[in-house]
Structures are given as C-alpha cells and as structure tokens.
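> In full-length UniProt numbering, the protein residues as written are 1 to 584.
Dropping the structure in here first, questions after.
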C-alpha cells in the first residue's frame, strides 16, 4: 500500500469479522529435528458491514445476549480422522491416556461454530512425550514422521506450561499436560507442580483456566462434553464472562487473561461479571499486566480485538476498566503532553468511524477487491481512527541513528504501534500516512462539493509547461489537492453519511474511483532520460508532478505521447528563454 496512494481516495467499505490471525510462535520455541478535541474525521471505510450496529459495537445500551448452546459436539470428517489417529497411538502403546480437547474448540463447537484451534490436554504425560509417541507410531505404519515444536514454560512471563505442537493429518495440534497449580503461602501467584507423577486432574485444570466458557473439555475417549466447573455451560448460555476461581487470583496468575476476558466479551457480545471488572481494575493487576507480560503478547490480543466482530466494545471496556494507558503505553515527554481524557477521545473516534462505516454499507470502492486486502484495510482503518486524537503529538526518538543533537521527531501513534503493541513498522507508517491524508481529504470534500470557478482552478494548475483542457480541470484538481486544515465540527452520523455518498458520487463521476491504483505513465528514470540528466533532484520531482497532472488530464494518453509532450514543452520553453535573452 504505497504511501502516496493514501493521499488520494477512499478504498471501499467495512465488514466484520476478520479471519482470526494465527499467533506467531513464541521466541522460546525450539525445534526438535524430525492532543485535539474530537473533530470531523473523514476516513474511508474498507469493507461492507453486515449486521452490527453502533449499539452492538459497544454502546452502554448493549444488552446481555442469550446464547443457543448445543448439547453435543458434531465432528467434521477431518476431526474424526485426527481423533481416531490419536486414539490409535494411545491403544497401540497402552498409554492409558485420556485425551481431551480443551478450551475454545469445545466452546465454539457448542455454539455451532467451526474451529481449527485444537488443543489436546493429557492426563499422564507431557505434550512432548506424547508427540514422540505419535512419531513412533507413524514410523511403524510407514508414514513420514513430523517435526515437533516445543514452547517452553516461562513463569516470569506467566507461561506456566510447556506446549508441544505438531502436524496431525495436515492440521496443527497443540499438546499439553493437565495443569495443577498451587498457591504459595501468602501469595496469589501459583506454583506449578513439576513432578511427572503429579500432573493435574481434569477438574484441577478446568479451575485453573482463564474463563468458565473456556474450561470445557471434550473427552475423545468416550465422545462426551465435560463441564467440570459445574457452571461453564450455564455461563455460556447466559452470555457471561466470569473466571472459575477468584478473578484477582486468576489475573495475577496470568495478567494477560484480563485482555482475553475483554476480547471474548467483545467477540460474543457477552457481559463481563462485576467481580471480574473489579479485579481487572485493580492497581496490582494493572501493574503486573504492564510489567510482567511481553508487549508482543499484548499487541497480539489487541490485534485480535481489532480484527473481530466488536472492536469498539473491546476498546470501550479497556477504557472503562482503566487499562488504556497500560495497553497503549505512551513515550515519555511527548509534545504536547498527554491531554486530559485522551483515552475517551480515542475511543470516541473509533466508535464514530465504526458507526459511519456501518451506516454507509457497501461502496463502489470495494468492488473487485481482494477480501484479504479489504480485511487488512479495515484493520488499519480502525487503528487510524483510534489514534486520530494523537495525530499532532510527537516525541524525540533518542534511539534513532541520528546525532544526539538531531533526534528524530516521531509521531506518538507510531510509537504505540511499534513499541507498545509490537506490530509491524509498516502498520505504523500506514496509520501516520492515513492521518496526513485525512486532513487533505477533508479539504478535498469541501472542494468536490463547491461551485468554484473552473477558470480560477485552471490558472492555479497550469504553468508555462502544462496546459489542461477545461473539462479535465476538476479531475486534476481533485486528485492533486494538498490543503492541510481538518474540519473540527463533529457532524451528526446521518449528515456524514450523506456527505460520504455525495463525495463518492462526485469521485465516480470524475472517473477517479480507481485513481489510487494509477501507475505513473512516466517514472523518475524515464523523466531523467527525456531531460538528459544523470541524477535526480527537485527538477525531476517537479516534472513528475507535471506528468501526473498531464496523465490525469489525458486519461487515455500513452507513455510515448507523454514523452512527446515533455519534449515539446521543453523546446517551447527554451525558445521563449532564447528570445528573451536576445531581446536584452
């Protein structure tokens, strides 16, 4: 997504949800061989909405949902094949292992949703030991052995269990032993029982999980659903997010569970239990979340929220629970400083952007676009909206390679994306570009709806080298507009919707709906060839802008025609300059 294109036009509309993004493997994985008030902000929505209103997105009026929960799990053919293979391994070696699918897969199946996230809990061995047995069995039946990945436990990062991963019939499966954790005296932090013979029971494991809706098991051996907390299915039916044990102890065990609770509440439009909200707001829990959990894990949870069904609800919960500045940590000494109610401003902007995109529905700009690209644009659209109030805040990056006297001034939004959330540098760059483009686009909106005199625009656009046909003036000016003031009025949703539709119509009438994909008819190298210069510079850049205007004024023009225009323009200018010198 080239930065220049972000200065031009919107790209389409918005559609929740995104496909779930697979988490990156932990760096501990080892391989075993084999500041402004809310203003008018015109961001382009990226994909068509489907059935989610502003209220559903997270307004206070949202109601707790009652879910339809199935009595049994319906397996796909592939799942049956995988489970038969695992049972064959248990029976062949006489392992006596009870195989249970844990957590989210069971929850989703009972809600009638498909899930590829299969985690197997083992009651008498570690995940690595079981995977090695699987490979032994594969060798016996003449099949290729698979590599085993092991994610080591790391208590300092609240990763208490070693997890093994391998491909079973082309599906990645995680294997882990049942957990049995005990609290040390005068401590809320659990101590993991490490002795092999003391692997936990299924009930102990269920109570050690983050949420009751994630504490369900599907016992592969007897083909049954197990609700060992005695309330998981009921909480699922009620749409309630609650922890199996005391919420504060559960969160201090792994503070990332606070964000997971918020994410699942948003995904399913469920209600956070009152004691859970109280624990999530606890100062010690917030401190542990900020200091004990890696920024990569925090960023991954936020990215999943942004890519899911109700990102605004998730951001509202983060704000209301006092977690905003923990999750989106700011750099020190930003200019201007973080202003009062910054968190409220940020969330109000993403909510406004979400509701605008929902109200617009489908758009001509989304037709023919790759769904994956639309999903990515939707995600970046939401991040951009969230950080609009920060667009004029900067900090000095003392880690830059420049001299100490010339520290680089970096947008605060870029810092949050790259350092607080550890997302891609390209994400930060795109958000900064969208913020810059939005200011220019706001002025463009005014222009497209104005009755400005075309003759005045013609004089503004032309120079001694370039003449623009009168009927192309508005088309060229619409693309090339570079004004920098943003409107500061918070318009009503319906008014902004109508404005978007009018501007969209104006853009399509000018045949500019695909201009952001426009490939320059002449690049810098070609222009240097015509001008017969060996290196670039400001003059080449000026001619690139002229060539772009020429291309917009002559949409069917060819490269040869553009080169000929350049040569004629230069020749004409040289004759004028020669005549002027002779006159003196």
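Glycine residues also receive a C-beta, built at the ideal position from the N, C-alpha and C atoms.
Just so you know, these numbers come straight off a predicted model, no measurement behind them.
Reducing DSSP to helix, strand and coil, say where residue 299 ends up.
Locating residue 299 in the chain shown gives position 299, where the first residue counts as 1. The answer is helix: DSSP assigns residue 299 an H, G or I state.
> Following a CB-centred definition, is residue 83 positioned closer than 7 Å to any heavy atom of the ligand GTP?
Inclusion of the ligand GTP in the displayed structure is not the case, the ligand content being empty and no account of it being possible.
> From residue 325 to residue 338, what does the alpha carbon distance come to, in whole angstroms?
Residue 325 sits at position 325 when you count from the first residue of the chain shown. Residue 338 sits at position 338 when you count from the first residue of the chain shown. Approximately 10 Å, taken between the alpha carbons.
> Exposed or buried, residue 425, counting other C-beta atoms within 10 Å across all chains shown (16 or more means buried)?
As a first step, residue 425 is located in the chain shown; it is residue number 425 there, counting from the start. Classification of residue 425: exposed, given that the 10 Å Cβ count is below 16.
> Where does the unbroken beta strand (DSSP E) through residue 172 begin, and where does it stop?
Working through the chain shown from its first residue, we reach residue 172 at position 172. 171 to 177 is the span of the beta strand (DSSP E), which, as asked, contains residue 172.
> Quick check on the burial criterion: 16 or more other C-beta atoms within 10 angstroms. Buried or exposed for residue 141?
Position 141 of the chain shown, counted from the start, is the residue given in the question as residue 141. Flag for residue 141 reads exposed.
> Residues in the same chain with beta-carbon distance under 6 Å from residue 212, minus the five sequence neighbours each way, listed in chain order, please.
By one-based count along the chain shown, residue 212 stands at place 212. Correct list, in chain order: 229, 231, 232, 235, 242 and 244.
> So, under 8 Å CB-CB, residue 272 and residue 261 are touching, yes? Tell me the CB distance rounded to an integer number of Å.
As a first step, residue 272 must be located in the chain shown, where it is residue number 272. As a first step, residue 261 must be located in the chain shown, where it is residue number 261. Yes, residue 272 and residue 261 are in contact; Cβ-Cβ is about 7 Å, under 8 Å.
> Measure the alpha-carbon distance for residue 347 versus residue 224 and round it to whole angstroms.
Residue numbering aside, residue 347 sits at position 347 when the chain shown is read from its first letter. Residue numbering aside, residue 224 sits at position 224 when the chain shown is read from its first letter. So the two alpha carbons sit approximately 43 Å from each other.
> So, helix, strand or coil for residue 259, using DSSP?
Mapped onto the chain shown, residue 259 falls at position 259. Correct three-state label for residue 259: helix.
> Given this structure, state the Cα-to-Cα distance separating residue 531 from residue 344, to the nearest angstrom.
What you label residue 531 is simply residue 531 of the chain shown in a count that begins at 1. What you label residue 344 is simply residue 344 of the chain shown in a count that begins at 1. Going from the Cα of residue 531 to the Cα of residue 344 covers about 54 Å.
> Would you mind reading off the limits of the beta strand (DSSP E) that contains residue 101?
Residue mapping note: residue 101 aligns to position 101 of the chain shown, counting from 1. From DSSP, the beta strand (DSSP E) with residue 101 extends over 99 to 102.
> Quick one, are the C-beta atoms of residue 428 and residue 414 less than 8 Å apart?
Along the chain shown, read from residue 1 onward, the residue named residue 428 stands at position 428. Along the chain shown, read from residue 1 onward, the residue named residue 414 stands at position 414. Against a cut-off of 8 Å, the Cβ pair of residue 414 and residue 428 comes out as a contact.
> Can at least three beta-carbon pairs, one atom from the segment 533 to 541 and one from the segment 555 to 572, be found at a separation below 8 Å?
Because the criterion of three Cβ pairs below 8 Å is not met, the segment 533 to 541 and the segment 555 to 572 do not touch.
> Using the C-alpha atoms, what's the distance from residue 519 back to residue 481?
If you number the chain shown from 1, residue 481 lands on position 481. If you number the chain shown from 1, residue 519 lands on position 519. Bear in mind that a pLDDT of 47 at residue 481, under 50, signals an unreliable position, so the model cannot answer this.
> Hey, how far is the Cα of residue 570 from the Cα of residue 538?
Translated into positions along the chain shown, residue 570 becomes position 570. Translated into positions along the chain shown, residue 538 becomes position 538. The straight-line gap from Cα to Cα measures roughly 16 Å.
> Excluding the five sequence neighbours on either side, which residues of its own chain have a C-beta within less than 8 Å of the C-beta of residue 564, listed in chain order?
Counting from 1 along the chain shown, the entry for residue 564 is found at position 564. Same-chain partners within the cutoff: there are none.
> When we look at the beta-carbon of residue 550 and count the other beta-carbons within 10 Å, is it buried (16 or more) or exposed?
Position 550 of the chain shown, counted from the first residue, corresponds to residue 550. Counting Cβ neighbours within 10 Å, residue 550 comes out buried, since at least 16 surround it.
> Can you tell me the Cα-Cα spacing of residue 257 and residue 441, whole angstroms?
The count along the chain shown starts at 1 and reaches residue 257 at position 257. The count along the chain shown starts at 1 and reaches residue 441 at position 441. In a straight line, the C-alpha of residue 257 is about 40 Å away from that of residue 441.
> Could you tell me how far apart the beta carbons of residue 395 and residue 333 are, in whole angstroms, since I believe they sit closer than 8 Å?
The residue you call residue 395 lines up with position 395 of the chain shown. The residue you call residue 333 lines up with position 333 of the chain shown. With 8 Å as the limit, residue 395 and residue 333 qualify as a contact, their Cβ atoms being about 6 Å apart.
> So what does DSSP say about residue 273, is it helix, strand or coil?
For the purposes of this step, residue 273 is taken as residue 273 along the chain shown, with counting starting at 1. If DSSP states are grouped into helix, strand and coil, residue 273 belongs with coil.
> Just to check my reading of the structure: residue 493 and residue 384 have Cβ atoms closer than 8 Å, yes? What is that Cβ distance to the nearest angstrom?
As a working note, residue 493 is residue 493 in the chain shown. As a working note, residue 384 is residue 384 in the chain shown. That pair is no contact at about 19 Å.
> Here's the rule: buried if 16 or more other CB atoms are within 10 angstroms of the residue's CB, otherwise exposed. What is residue 567?
Translated into the one-based positions of the chain shown, residue 567 becomes position 567. By the neighbour-count rule (16 or more Cβ atoms within 10 Å), residue 567 is not buried but exposed.
> Determine the direct distance from the alpha carbon of residue 239 to that of residue 91, and round the result to whole angstroms.
The residue given as residue 91 occupies position 91 in the chain shown. The residue given as residue 239 occupies position 239 in the chain shown. The alpha-carbon atoms of residue 91 and residue 239 are separated by roughly 39 Å.
> DSSP three-state call for residue 498: helix, strand or coil?
Counted from its first residue, the chain shown places residue 498 at position 498. Reduced to three states, the DSSP call for residue 498 is helix.
> So, are the CB atoms of residue 379 and residue 307 less than 8 Å apart?
Along the chain shown, read from residue 1 onward, the residue named residue 379 stands at position 379. Along the chain shown, read from residue 1 onward, the residue named residue 307 stands at position 307. Yes; because the gap between Cβ atoms is below 8 Å, this pair is in contact.
> Which residue marks the beginning of the beta strand (DSSP E) containing residue 409, and which one marks its end?
Residue 409 sits at position 409 when you count from the first residue of the chain shown. Where residue 409 is concerned, the enclosing beta strand (DSSP E) stretches over 408 to 411.
> Report the option in 310, 270 and 252 whose CA atom is closest to the CA atom of residue 290.
Against the chain shown, residue 290 aligns to sequence position 290. Nearest C-alpha to residue 290: 252.
> What does residue 414 pair with, by DSSP beta-bridge criteria?
Stepping through the chain shown from its first residue, residue 414 is reached at position 414. Answer by DSSP bridge pairing: none, since residue 414 is not bridged.
> Thinking just about the alpha-carbon of each residue, which of 70, 222 and 412 is nearest to the one in residue 99?
What you label residue 99 is simply residue 99 of the chain shown in a count that begins at 1. Out of 70, 222 and 412, 222 has the C-alpha closest to the C-alpha of residue 99.
> According to DSSP, is residue 166 helix, strand or coil?
Sequence index remark: in the chain shown, residue 166 carries index 166 (1-based). Residue 166 falls in the strand class under three-state DSSP.
> Determine the closest residue to residue 585 out of 208, 205, 138 and 259, with distance taken between C-alpha atoms.
Not covered by the structure: residue 585. The range shown for the chain is 1 to 584.
> Excluding the five sequence neighbours on either side, which residues of its own chain have a C-beta within less than 7 Å of the C-beta of residue 572, listed in chain order?
In the chain shown, counting from the first residue as 1, residue 572 sits at position 572. Closer than 7 Å at the Cβ level, and outside the excluded window around residue 572, lies no residue.
> For the alpha helix (DSSP H) that contains residue 350, what are its first and last residues?
Stepping through the chain shown from its first residue, residue 350 is reached at position 350. 342 to 360 is the extent of the alpha helix (DSSP H) around residue 350.
> Provide the residue span of the beta strand (DSSP E) that contains residue 119, from first to last.
The sequence position of residue 119 within the chain shown is 119, counting from 1. Its beta strand (DSSP E) spans residues 118 to 122.
> Among all the DSSP beta bridges, which residues are the ones paired with residue 207?
Position 207 of the chain shown, counted from the start, is the residue given in the question as residue 207. Bridge partners of residue 207: none, in fact.
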